[in-house]
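What follows is one structure encoded as structure tokens, with my remarks underneath.
There are 2 protein chains.
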Amino acid sequence: MRDLASEVGMEAASLYNHIKSKEEILNEICFSLANTYSDKMDEVYPSDNTPIEKVKKLIALHIQINSMSSPLATVMNDEWRHLTEPCKSQFLDMRKRYEYLFTEIIQQGVKRGEIKAVDPRIALYTLLSSVRWLQHWYHANRDLDVNDIKENIMEMFLTGLVADQYEWKP
Amino acid sequence: MRDLASEVGMEAASLYNHIKSKEEILNEICFSLANTYSDKMDEVYPSDNTPIEKVKKLIALHIQINSMSSPLATVMNDEWRHLTEPCKSQFLDMRKRYEYLFTEIIQQGVKRGEIKAVDPRIALYTLLSSVRWLQHWYHANRDLDVNDIKENIMEMFLTGLVADQYEWKP
DNA sequence: CCTACCGATCGGTAGG
DNA sequence: CCTACCGATCGGTAGG
Chain E
1 MRDLASEVGM
11 EAASLYNHIK
21 SKEEILNEIC
31 FSLANTYSDK
41 MDEVYPSDNT
51 PIEKVKKLIA
61 LHIQINSMSS
71 PLATVMNDEW
81 RHLTEPCKSQ
91 FLDMRKRYEY
101 LFTEIIQQGV
111 KRGEIKAVDP
121 RIALYTLLSS
131 VRWLQHWYHA
141 NRDLDVNDIK
151 ENIMEMFLTG
161 LVADQYEWKP
Chain F
1 MRDLASEVGM
11 EAASLYNHIK
21 SKEEILNEIC
31 FSLANTYSDK
41 MDEVYPSDNT
51 PIEKVKKLIA
61 LHIQINSMSS
71 PLATVMNDEW
81 RHLTEPCKSQ
91 FLDMRKRYEY
101 LFTEIIQQGV
111 KRGEIKAVDP
121 RIALYTLLSS
131 VRWLQHWYHA
141 NRDLDVNDIK
151 ENIMEMFLTG
161 LVADQYEWKP
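Residue numbers (this note's numbering), protein chains in the order written: chain E, 1 to 170; chain F, 1 to 170.
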């Protein structure tokens with residue numbers, strides 16, 4: 001709180017005329033971002049895009065948030081554990097629902113023959129994890145363009161690293 | 001330190017007969033794991049495997065460490081920032097070298113036509129990030145088998161999510 | 001290995 | 001918005 005205060009040019013004690021507690025800030029950040037994700041899911045999930053198009057739209061949002069709102073994303077990703085009840089449970093419920101709908105999308109893709117028969121949970125967590133650390137390495141590699149990153153990551157996930165002509169299987 | 005002490009059944013003060021400082025523990029954990037990664041790289045990099053085989057071997061190590069030694073991996077991944085100089089610089093140098101050799105492997109694969117023309121840094125960070133969070137979701141999904149996870153992740157990265165027969169490009 | 005205790009720091013309050 | 005200050009907690013030391 002002392003650091004925050006000096007950043008905005010006041011004493012720590014004065015912050016408490018603007019906020020109720022340190023945790024109020026944490027709540028604000030976590031739920032603001034969680035709502036952004038939920039809203040996008042509520043828009044994408046029932047749409048008539050193909051499952052692969054849906055996955056692409058959601059991954060694009062993750063890339064966007066983790067590269068643009070990265071300090072907020074860092075707080076949500078690393079500090080949600082310090083939410084107190086009942087907020088913590090509410091937050092986890094939102095996350096659970098988001099992950100459930102995301103696996104549903106993957107599973108629908110598998111059923112329709114668009115997506116390979118991977119384990120949907122493994123696919124989901126691998127996707128989410130990989131874009132999660134954008135916040136950390138993106139700022140150390142500023143010369144990279146967000147759209148380049150987006151296209152490269154999409155390409156990797158959708159068609160893999162192995163070159164089309166190359167016969168890699170033993 | 002109070003928590004650690006009670007976990008091993010002593011008073012916090014007594015811990016200091018076994019260790020020099022809290023930070024000594026952090027150093028121990030960070031460098032023990034960093035050495036494991038470096039050693040594997042020194043073995044794999046100059047070997048006569050194909051670049052893709054090398055990538056597979058390194059990713060397998062990351063999966064192994066992040067699922068088996070997960071508490072140690074969590075400490076290294078999240079707390080290395082609190083290393084003090086000169087240890088911090090030394091740690092970052094090791095990481096930089098590891099990442100450099102890893103991108104070299106990817107770049108060689110691209111040059112040899114085995115790996116698609118992705119940006120090697122983006123590919124690297126996406127690979128590393130995705131397996132990094134194994135520690136967090138693996139224990140919440142205990143029914144998953146480590147080898148299943150390994151195979152699924154490899155498959156995703158190497159040949160992608162899109163089913164072979166499916167024409168997805170617009 | 002424990003008791004007793006230290007200086008620093010933290011989130012936060014009282015009172016103006 | 002500030003000064004002054006609180007109780008709790010933290011890493012660590014002295015001395016046995």
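Backbone N, C-alpha and C define an ideal beta-carbon position, used for all residues, glycine too.
- Taking a beta-carbon distance threshold of 8 angstroms, residue 126(E) counts as an interface residue toward chain F.
- Identification of chain F residues near residue 121(E) by a Cβ-Cβ cut-off of 9 angstroms yields 137, 141 and 144, ordered along the chain.
- Any Cβ of chain F closer than 8 angstroms to the Cβ of residue 165(E) would place that residue at the interface, and such an atom is present.
- Under a criterion of Cβ atoms nearer than 8 angstroms, no residue of chain F is adjacent to residue 10(E); the nearest Cβ is some 27 angstroms distant.
- In this structure, residue 52(E) sits away from residue 44(F), with a CB-CB distance that is not shorter than 8 angstroms.
- A straight-line Cα-Cα distance of about 47 angstroms links residue 99(E) and residue 17(F).
- In the same chain as residue 1(F), and ignoring 5 residues on each side of it, the C-beta atoms closer than 8 angstroms to its own belong to 12, 15 and 22, in chain order.
- Along the stretch 44 to 93 of chain E, the alpha helix (DSSP H) occurs as fully enclosed runs of 4 or more residues at 51 to 68 and 70 to 79, listed in sequence order.
- The beta carbon of residue 134(F) lies closer than 7 angstroms to those of 63, 66 and 67 in the same chain, with the five residues before and after it left out.
- Contact annotation for residue 102(F) against chain E: no contact, minimum CB-CB distance about 13 angstroms [criterion: below 7 angstroms].
- According to the DSSP assignment, residue 136(E) belongs to the alpha helix (DSSP H) that extends over 134 to 138.
- Taking all protein chains in view, the Cβ of residue 19(E) is surrounded by fewer than 16 other Cβ atoms within 10 Å, so the residue is classified as exposed.
- Contacts between residue 115(E) and chain F, judged by CB atoms closer than 9 angstroms, involve 161, 162, 163 and 166 in chain order.
- Within the DSSP secondary-structure output, residue 25(E) pairs in no beta bridge.
- Residue 141(F) and residue 121(E) do touch by the CB rule: their CB atoms are close to 6 angstroms apart, below 8 angstroms.
- Per DSSP, reduced to three states, the secondary structure at residue 110(E) is helical.
- Excluding the 5 residues flanking it on each side, residue 33(E) has same chain C-beta neighbours closer than 8 angstroms at 65, 69, 72, 73 and 76, in chain order.
- Straight-line spacing of the CA atoms in residue 85(E) and residue 153(E) works out to 36 angstroms.
- Burial state of residue 54(E) is buried, judged by a 10 Å Cβ sphere holding 16 or more other Cβ atoms.
- A distance below 8 angstroms separates the beta carbons of residue 124(E) and residue 106(E).
- Shown in chain order are the members of the stretch 45 to 57 of chain F whose Cβ falls below 9 angstroms from a Cβ of chain E: 50, 52, 53 and 55.
- Between residue 109(E) and residue 159(F), the CB-CB gap reaches or exceeds 8 angstroms.
- The Cβ atoms of residue 38(F) and residue 94(F) lie closer than 8 angstroms to each other.
- For residue 39(E), the closest Cβ of chain F is not nearer than 8 angstroms.
- Within the DSSP bridge table, the entry for residue 162(E) names 115(F) as partners.
- In this structure, the beta-carbon distance from residue 156(F) to residue 157(E) falls below 8 angstroms.
- When the beta-carbon positions are compared, residue 131(F) and residue 59(F) come within less than 8 angstroms of each other.
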